[in-house]
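So in the working numbering, spot 35 of the sequence shown is number 28, and the numbers just go up one at a time. Worksheet: the structure to be examined is printed underneath.
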Amino acid sequence: MPHVQLHLASPPPRPSAGQPRARITAASVIVAVLALSALSAACGSGTGGSTRPSTTTTRPAPTTTTPPSTLVATEVSSESKKVPWLAIGVLGALLALIIVVMVRRRAERKTWWSDVDAMGREGQALVDLGTAGPASTDAQQQVAHWATLEQRTVELGAAIQGAASGAPDDPARAILAGLDQAVSAYLAALRTSRTLRIGPPAPTAEQLQFADAESAQRLANVRGVLGQLDRLVTPHR
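So this is what it looks like as structure tokens:
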């Protein structure tokens, strides 16, 4: 059996306590590299070359969503509360309008009756003047008398027609229509009598008597209708 000699390598000498180790193992290098990488990454994110602006996150306030059915019910309730006040306002405005119209019509009627009363007094003065006749037998004074009667009769007829257009009721319209006819007939008799007196030819006594009787009769008709008008106006004075 051959003799085999084993040469055992002597262990490396251990460094003394005051001398550092000269060799660094691969594992130590890897650990150091990893530590430096981690440190570099931490420094880069925290204290990099540029300072990142700080951002503030604002959370929106919580909103409450009301169901559509609740909104519709609320709107209907609100509208239903407004309806009575709107109705009251409309009724109040309508009532005020009615009162204004009534007051205005009352004032207009009062004015109308006052004007008709004054017209009746003017008609009565005309009747008195026609009944009295000329103040003298002088021809010029008689002509002036008939001219005055004719002018005042024309004015009375115009006043009657104006009052008839605003008569408030049927009785008033009927009386004014009768008075208008009576005044028109008297005016026609006045013009016939004046034409007869002026001539030519000179009127006969019989013609003058007939003309005067015709005028007096028609003047009496005017007086009668004026009496009816006076009785109608009396309650409104």
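We put the CB at the ideal spot given by N, CA and C, even for glycine. These numbers were taken from a predicted model, which means no experiment stands behind them.
Rounded separation between residue i and residue j - CA only
i: Pro161; j: Thr197; result: 48 Å
i: Glu115; j: Ser129; result: 23 Å
i: Gly171; j: Pro164; result: 11 Å
i: Val136; j: Arg184; result: 11 Å
i: Gly155; j: Glu207; result: 27 Å
i: Ala140; j: Thr104; result: 31 Å
i: Arg98; j: Leu201; result: 50 Å
i: Gln221; j: Gln117; result: 12 Å
i: Trp106; j: Ala209; result: 29 Å
i: Asp223; j: Ala213; result: 15 Å
i: Arg211; j: Arg166; result: 21 Å
i: Ile92; j: Ile81; result: 16 Å
Residue range of the alpha helix (DSSP H) that includes residue i
i: Gly155; result: 132 to 157
i: Ser177; result: 163 to 191
i: Ser208; result: 198 to 226
Short Cβ contact (9 Å threshold) for residue i with residue j
i: Gly123; j: Leu142; result: yes
i: Arg190; j: Asp110; result: no
i: Ala175; j: Val215; result: yes
i: Gly126; j: Leu219; result: no
i: Leu87; j: Ile168; result: no
i: Asp173; j: Ser186; result: no
Can at least three beta-carbon pairs, one atom from the region 76 to 96 and one from the region 173 to 183, be found at a separation below 8 Å? no
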